[in-house]
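Enquirer:
In the working numbering, the protein residues as written are 63 to 173.
(1) Shortest alpha-carbon distance to residue 93 belongs to which of 139, 111, 70, 114?
(2) Are the beta-carbon atoms of residue 83 and residue 105 separated by less than 8 Å?
(3) When burial is assigned at 16 or more other CB atoms within 10 Å of the CB, is residue 98 buried or exposed?
(4) Identify, in the order they occur along the chain, each residue of the same chain with its Cβ nearer than 6 Å to the Cβ of residue 64, setting aside the five sequence neighbours on each side.
(5) Cutting at 6 Å between CB atoms, please list the residues of its own chain near residue 150, excluding the five before and the five after it.
(6) Between the beta-carbon of residue 128 and the beta-carbon of residue 107, is there less than 8 Å?
(7) From the DSSP output, in three-state form, read off residue 133 for me.
(8) Compare the C-alpha of residue 11 against each of 96, 146, 70, 117 and name the closest.
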């Protein structure tokens, strides 16, 4: 009888799936979870600083950076390609026009 031999295909390191974390129902990959933890840390530090002024202000400042981090992740990280935030910023500042290629010295190649 003919036996079929299974072939094992190893993935390249560039194709390996990075760690995936579920955060508030959205799947984020890699180190993006640190954006949320940075928001939490910023909220705690801002709340500690604002506690001397007002407890209500401290409560608002405790939640605001974490909520901003979640909004940032939903807009620019979840289900977006790598480098999307930089692309979005450049499109906002320069518009949708293509930029001319540049030499190493910073002069335009067409000049």
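Just so it is clear, CB atoms sit at the ideal spot from N, CA and C, and this is done for glycine as well.
Expert: With the given structure in hand:
(1) Of 139, 111, 70, 114, the residue nearest in Cα terms is 139.
(2) Inclusion of residue 83 and residue 105 in the CB contact set at 8 Å is not warranted, their separation being larger than that value.
(3) Residue 98 counts as buried, since no fewer than 16 other beta carbons sit within 10 angstroms of its beta carbon.
(4) Here the set comprises nothing.
(5) Once the five neighbours on either side are set aside, residue 150 has no close Cβ partner at all.
(6) The answer is no: Cβ separation not under 8 Å.
(7) Three-state DSSP puts residue 133 in a helix.
(8) The displayed coordinates of the chain run from 63 to 173. Any statement about residue 11 would go beyond what the structure contains.
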